[in-house]
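In my numbering, the protein residues as written are 86 to 655.
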């Protein structure tokens, strides 16, 4: 699947860039107009409300409603921004626009690309301070934007010429009401109409704004959930969902179509679940995005998983393991054969742990193959295979094949079924080191899970080296945490602007490592229960996740209530 790469990058040296509603007391254009008596404050406020509802930049609205001539607007903007005003001849050489920028979008935003290369695009703009439009176009074309000031009529005539209308005006795009921009349910199957909606300026700007907000919050997921009151936007930050905003329900079709186009999904299909992937670049950072859609009562629920490479460091120090666990961890991963399992719920960092291990043991002398669904991060020197169930490329199918590829190390994204588990065990028995994940509550339960999946006990004891269970707990905000009354060694969450008034900022791992030795293997063959296995492991020195978390509490890194919440202990 082709990946879309975008880059949101703006020249910060340009003064007075605007985004959203304009405060006339701070905006030099508004201030100049009031000082010159060209508009009253009350009229300006009304104009700002109207232009906001139409997603017009202030300068465009001033010309649209006849308050300023386009020449006066260009002159004032040039004085404010020190940008040049383009002559009419500048547009004569333009023969086309980039195919990523629909002409309807350029029409509604009053911009036209003049020239571009591999790094920069020069834009003629009626309102060059419109940061929303600059961000949107930069994200679409993956280039840095350099604006120039253009007269509205010059830009309009150029676009009309490009779409072959010449003297015929292009139909005005009215977005004064939701009905105009966002159609009723009956029109959702009109693919061409959905594509038009997805390319409208308000839609592109809304999607980009949501993505930028998620990145700034360091969110792991974005949830777009249509309901009776509108489309609820929520962000998962540090494992907890945080409310963002509510969009009009009738924006759902356009926004979903925009996201589907970016993820190369079928925009006409809204009755079946779909999964896609996007690769973007924001402020020089590579961001992988996974998109999942599923039909619900009021439309489609969309969940966007954000995988920010810059936030993950595949280093043992990043995992935060204590010295004893780290020594054992390294020793297990240097074993030539056997199985190492990472367990925990979705979003607990299992894949990051395995990737960290792979990054440390990967070398020119070893062939490493991974089987993932999907591939979350790309590794140089590692042969990564993505599962594709629709064409029969499943975990078992791939595993049977890659054993003939002469690997030294195999990573299986998840042991989901008996067949996958059996093949992984067979691989370990034939001289391979196998890394994989399971969904269990703790480390010891990983053994029970394999037995429940039908793997014989003697195979489990012959192949499994260790099981590593983990969770992520929220870290107390360093700016507002406060000592607990009567216990100076424990800290409480308070909440401030730095942490979004949650009291927490960032997450840290708590963990337990269950190693299989001869005593443990004997108990497994004797079919000892989980509780007895856990008790024996504790006697042999295993630290539980709860105890690991309470150590962090004593260090003032997290709170007792947070550890109890994650470990389900009272």
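Note that the Cβ used here is the ideal one computed from N, Cα and C, for glycine as well. Computed from a prediction, not measured in an experiment: that's the story for all the values here.
**Message:** Whole angstroms are fine: how far does the CA of residue 336 sit from the CA of residue 262?
**Reply:** Reliability of the predicted coordinates at residue 262 is poor, the pLDDT of 34 falling under 50, and no value is obtained from them.
**Message:** Quick check on the burial criterion: 16 or more other C-beta atoms within 10 angstroms. Buried or exposed for residue 509?
**Reply:** Under this definition residue 509 is a buried residue.
**Item:** Alpha carbon of residue 140 to alpha carbon of residue 591, nearest angstrom
**Value:** Reliability fails at residue 140, whose pLDDT of 46 lies under 50, so the model's placement of it is uncertain and no value is given.
**Message:** Considering Cα atoms alone, identify which of 461, 491, 430, 299 is closest to residue 453.
**Reply:** 491
**Message:** Is it buried or exposed, residue 348, if we count other Cβ atoms within 10 angstroms and call 16 or more buried?
**Reply:** It is buried - the Cβ of residue 348 has at least 16 other Cβ atoms within 10 Å.
**Asked** How big is the Cα-Cα spacing for residue 356 and residue 382?
**Response** 11 Å
**Item:** Exposure of residue 323, with buried meaning 16 or more beta-carbon neighbours within 10 Å
**Value:** buried
**Prompt:** My guess is that residue 523 and residue 531 are in contact by the Cβ rule of under 8 Å, so how many angstroms apart are they, rounded?
**Reply:** 5 Å
**Request:** Please state if the CB of residue 211 and the CB of residue 316 are separated by a distance shorter than 8 Å.
**Result:** Cβ atoms of residue 316 and residue 211: not closer than 8 Å.
**Request:** Pick out whichever of 507, 566, 650 has its Cα sitting closest to the Cα of residue 642.
**Result:** 566
**Request:** Can you check the stretch 461-529 for any alpha helix (DSSP H) of at least 4 residues that lies completely inside it and give the ranges in chain order?
**Result:** 480-487, 503-514
**Asked** Under three-state DSSP, which class holds residue 576?
**Response** strand
**Message:** Is it buried or exposed, residue 543, if we count other Cβ atoms within 10 angstroms and call 16 or more buried?
**Reply:** exposed
**Asked** Can you tell me where the beta strand (DSSP E) with residue 455 in it begins and where it stops?
**Response** 453-457
**Message:** For residue 428 and residue 525, which I take to be in contact (beta-carbon distance under 8 Å), what is that distance rounded to the nearest angstrom?
**Reply:** 4 Å
**Request:** May I ask you to report which of helix, strand or coil DSSP gives residue 161?
**Result:** helix
**Asked** Looking at C-alpha atoms only, which residue of 201, 162, 533, 178 is the closest neighbour of residue 214?
**Response** 162
**Prompt:** Thinking C-beta only, is residue 432 closer than 8 Å to residue 594?
**Reply:** no
**Prompt:** What residue from 607, 507, 481 has the CA that sits closest to residue 472's CA?
**Reply:** Comparing Cα positions, the closest option is 481.
**Request:** Please look up how many angstroms separate the CB atoms of residue 528 and residue 597, rounded, as I've assumed it's under 8 Å.
**Result:** 5 Å
**Asked** If we ignore side chains and look at the alpha-carbon of each, how far apart do residue 320 and residue 386 end up?
**Response** 14 Å
**Prompt:** Where does residue 634 sit, in a helix, a strand or coil, going by DSSP?
**Reply:** helix
**Request:** State buried or exposed for residue 614, treating a residue as buried only when at least 16 other CB atoms are found within 10 Å of its CB.
**Result:** exposed
**Prompt:** Does DSSP put residue 598 in a helix, in a strand, or in coil?
**Reply:** In the three-state reduction of the DSSP assignment, residue 598 falls in the strand class.
**Message:** For residue 440, report the span of its alpha helix (DSSP H) as first-last.
**Reply:** 435-446
**Message:** What does the Cβ neighbour count give for residue 463, buried or exposed, with the cut at 16 atoms within 10 Å?
**Reply:** exposed
**Item:** Coarse secondary structure for residue 90, derived from DSSP in three states
**Value:** Any reading at residue 90 must be qualified, since the residue scores a pLDDT of 33, below 50, and its modelled position is unreliable; the value itself is stated next. Coil at residue 90, not helix or strand.
**Asked** Measuring CA to CA, which of 604, 341, 582, 309 is closest to residue 284?
**Response** 341
**Simplified DSSP state of residue 371, which is helix, strand or coil** = strand
**Prompt:** residue 363 by DSSP, collapsed to three states: which one?
**Reply:** strand
**Item:** Candidates 568, 404, 647, 437, of which the one nearest residue 498 by Cα
**Value:** Checking every option, the nearest Cα to that of residue 498 belongs to 437.
**Message:** Can you give me the C-alpha to C-alpha distance between residue 653 and residue 332, rounded to a whole angstrom?
**Reply:** 35 Å
**Asked** Roughly how many whole angstroms lie between the Cα atoms of residue 227 and residue 370?
**Response** 12 Å
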